[in-house]
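Taken in sequence, the protein lines are chains A and B.
Residue numbers in the first sequence follow this note's numbering, run continuously in steps of one, and reach 414 at the last position.
Residue numbers in the second sequence follow this note's numbering, run continuously in steps of one, and reach 1288 at the last position.
Ideal Cβ placement from N, Cα and C applies to all residues, glycine included.
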Amino acid sequence: MTKKVVSAFLGAALIGTLFTGSILGAPKVSGKITFSSHRTDFATTVLPAIVKNFNKIYPNVKVEIETIKDYQPAMKIKMASDDLPDVWSVHNDYYSKEQLQQFNLPLNSFSFTKDFLGTDGFKGADGKIYALPLGMNTTGVVYNKKIFAKLGLKVPQTLDEFVAAGKKISAAGYVGLATAAKAGWPLQYFWQDIPKFISGDSDVRNKLAKVDEPFTPSNAVYKSYAILKRFADEKIIEKDPLSADWEPMKQEFRAGKVGMFLLGNWFVPQALGSALKMEDVGFFPFPYDNKPGPKNVILGPDLGLAIAKNSKNLPAAKAFFTFMMTTNYADYAKTCGLLSANKKRPVDLPYVKEFNACKPVILPSIGDTQAQADIRNKAQFDYNSFGQEILGGKDLKAAFTELNAKWKKAKQSL
Amino acid sequence: MNYKTQKQILLTTFLFIPLLMLFTFLIYPTLKLVMMSFTNWDGVMPDFRWVGWSNYQAVFETPEVWLSLKNNGIYFINGLVQNGLALMFAVILASKLRGRNLFKATLFLPYIINSAAIAFMFNYIFDFERGPINFILVALHLEPIRFLSDANIVTFSLAGVSLWRYFGFTMVIYLAALQSIPNELYESAKVDGANAWKLFRHITLPSIHRIIELNLFLTLSGSLRAFEEAWVMTNKGGPGYASSTFMTYIMRSAFDFNNYAFAAALSVVLLIMVVIATIIQRKLVLRS
Chain A
1 MTKKVVSAFL GAALIGTLFT GSILGAPKVS GKITFSSHRT DFATTVLPAI VKNFNKIYPN
61 VKVEIETIKD YQPAMKIKMA SDDLPDVWSV HNDYYSKEQL QQFNLPLNSF SFTKDFLGTD
121 GFKGADGKIY ALPLGMNTTG VVYNKKIFAK LGLKVPQTLD EFVAAGKKIS AAGYVGLATA
181 AKAGWPLQYF WQDIPKFISG DSDVRNKLAK VDEPFTPSNA VYKSYAILKR FADEKIIEKD
241 PLSADWEPMK QEFRAGKVGM FLLGNWFVPQ ALGSALKMED VGFFPFPYDN KPGPKNVILG
301 PDLGLAIAKN SKNLPAAKAF FTFMMTTNYA DYAKTCGLLS ANKKRPVDLP YVKEFNACKP
361 VILPSIGDTQ AQADIRNKAQ FDYNSFGQEI LGGKDLKAAF TELNAKWKKA KQSL
Chain B
1001 MNYKTQKQIL LTTFLFIPLL MLFTFLIYPT LKLVMMSFTN WDGVMPDFRW VGWSNYQAVF
1061 ETPEVWLSLK NNGIYFINGL VQNGLALMFA VILASKLRGR NLFKATLFLP YIINSAAIAF
1121 MFNYIFDFER GPINFILVAL HLEPIRFLSD ANIVTFSLAG VSLWRYFGFT MVIYLAALQS
1181 IPNELYESAK VDGANAWKLF RHITLPSIHR IIELNLFLTL SGSLRAFEEA WVMTNKGGPG
1241 YASSTFMTYI MRSAFDFNNY AFAAALSVVL LIMVVIATII QRKLVLRS
């Protein structure tokens, strides 16, 4: 009897050692996982290189890379059909808090999560964090230093100086300020960031949800689009902004034919090429009014990375996620031209030094509240389409009157 | 097993798989779609609420829906022009013209070109600063046209692309129909002294009247389903909502605004519109 008990006990202990081996031994993580990204331009270059580096630590994990062109709608379908990739790139401001919580693993238990900034927009309805930013962005003006030097221009400190510089550049045959308005999304800063700069209040958009008809001429969003209209009226943008698409305008900038482009630090690596070297491209804070002195800027997350809750290979997914957010973090952020969101992994971008030399005031990063996002979706308000309509010649006052009516209706129906 | 039973078994087994596929991929999703249009589902979460007719109410109260419908109307008028042109060319090419086979091939070619390639090509042709049409206009000291950025003409430009693309297909159908008309009818009419127009009106048109009905139905349902040109060439129906069609608006509601149920209601409304329009069209054409 005792012999049976002892041998059973020894057998269990033996089997037990096998299990401890797989918990302690990192290289034993194996299997297949999928990783998705919207960077189709990285599909054959950067992403396979990352997987190769990952496989040096975890040789038994096969990572399948998925780059999709129309990324966001494809991801929504995958969410609905429970077919999310194990590790996937999450766009900021595209998913509701409930959606983030329903389909992803909460990340608060990882040791490095507390080192991250910009997690507000990736929190679920329960307040836990469901994605971590792959980098941070600050919105500003990327400019061609060669054109500025040629025309004797200094970095504009006020809105009037900005318009004057734009006019001078346009008169010289270049594009003063590129908008790439046909693509829509390059106009997002007039909704997302510039109202925050103008009001100095990061919560300015969420406050819209509390008022029935918030878009009065003194409202920061109204003023922001008024600046866009002024750029169009003063003719410092493309001759026909609505037919200027993203890829062509990007090429125009790279070829040295554009003076300024209101985007973010992420654009600078994409602007470099045979015509423009690192020292030919600069970055300064956007002067949104005529008050001299330090400007308000925002530091917000770029895309985030999340782990699907129903992943069939959680150990491998967690291993890859950890690799992306720690070991490989600074490398990838630098390739994309992003600032670091991980306090322990700084990223050194030379052009941001120029930006910081202007001593900008960094406003805190606050995500959209569900209330505001719900009203926006119910009203079917697309701020990029709105920007396009303004550039198309729609009267500012009429456009906002219409928007106020839609906003009120949506608010009351919720 | 007698012959009748064998026949039954054969029919059932052969029909089983196609019917199963029809049910799984057509009937079940359509029923689910109609059900979803009465909820507030956002397309992703596993839960939803029943909201009755409010989505349908919203369909009729949203100005962008009427704008999209107006754009679909432009595609329909364009389709009528397309039919007229196709019939005219078919009549010309049915006669003994020299090189008619070459013309037939050239006019049909646009139909088989890949749509991404067409979108790319027309983006260059319509380009405001560098496109060939504007280049000629500027050389003649005329104003260049904002083909894809002027809200008033963007749908006409896109409909033009659609005409260029599908015109060959319509023409080939008319050609086939024309060749089925026996020559004796024409010869005896010519002997009686009929001119070309009388020949066309009294012999050609009545003989191919069923084909014209078919093509008109294709035009109508095609115009209500217009999607590709607007989606690809103007970035989802831009600028703003100027060139949005019913289909592009449905796609945006479902994926950009998390309003899947609203998009479902729009789809059901679209389906009903196609049915009603077809019934009206049949009654009109049958009467003539």
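- If you compare the alpha carbons of 1155(B), 1227(B), 1173(B) with that of residue 1108(B), the shortest gap goes to 1173(B).
- In chain order, 145, 146 place their CB closer than 6 Å to the CB of residue 280(A), counting only its own chain and leaving out the 5 sequence neighbours on each side.
- Secondary-structure assignment with DSSP links residue 177(A) through a beta bridge to 260(A).
- According to the DSSP assignment, residue 351(A) belongs to the alpha helix (DSSP H) that extends over 350-357.
- Counting C-beta pairs closer than 8 Å gives three or more between the stretch 1073-1084 of chain B and the stretch 1153-1168 of chain B, which meets the contact rule.
- Take residue 1175(B), set aside five residues on each side of it, and the residues of its chain with a beta-carbon closer than 8 Å to its own are 1090, 1093, 1094, 1104, in chain order.
- Under the three-state reduction of DSSP output, residue 304(A) falls in the strand class.
- Judged by DSSP secondary structure, residue 58(A) falls outside any beta strand (DSSP E); it is assigned neither H nor E.
- The secondary-structure analysis by DSSP pairs residue 279(A) with nothing; it has no beta-bridge partner.
- For residue 146(A), the three-state secondary structure derived from DSSP is helix.
- When the alpha-carbon of residue 387(A) is set against those of 132(A), 186(A), 96(A), 106(A), the nearest one is in 186(A).
- Taking 8 Å as the cut-off, the Cβ atoms of residue 46(A) and residue 54(A) do not count as close.
- Residue contact with chain B for residue 385(A): present (Cβ-Cβ distance below 8 Å to some residue of chain B).
- Counting only the Cα atoms, residue 164(A) lies some 38 Å from residue 408(A).
- Close to residue 308(A), with beta-carbon spacing below 8 Å, lies no residue of chain B; the smallest spacing is near 13 Å.
- A direct Cα-to-Cα measurement between residue 1112(B) and residue 316(A) gives close to 46 Å.
- For residue 1200(B), the secondary structure class from DSSP, reduced to helix, strand or coil, is helix.
- Remark: C-beta atoms of residue 321(A) and residue 307(A) approach each other more closely than 8 Å.
- The bridge partners DSSP lists for residue 66(A) are 36(A).
- For residue 270(A), none of the residues of chain B pass the 8 Å Cβ criterion, the least Cβ distance being about 19 Å.
- Counting along the chain, residue 1033(B) sits inside no beta strand (DSSP E); it lies in the alpha helix (DSSP H) bounded by residues 1028-1036.
- Distance from the Cα of residue 1102(B) is smallest, within the candidate group 1168(B), 1203(B), 1204(B), for 1168(B).
- In this structure, the beta-carbon distance from residue 182(A) to residue 1235(B) falls below 8 Å.
- Spatial neighbours of residue 82(A) in its own chain (CB-CB distance under 7 Å, excluding positions within 5 residues in sequence) are listed in chain order as 310.
- The beta carbons of residue 1261(B) and residue 1037(B) sit closer together than 8 Å.
- Only 1146, 1148, 1149, 1151 from the stretch 1135-1159 of chain B bring a Cβ to less than 7 Å from some Cβ of chain A.
- Where residue 1053(B) is concerned, there is no enclosing alpha helix (DSSP H), because DSSP gives it neither an H nor an E.
- Taken through DSSP and simplified to helix, strand or coil, residue 139(A) comes out as strand.
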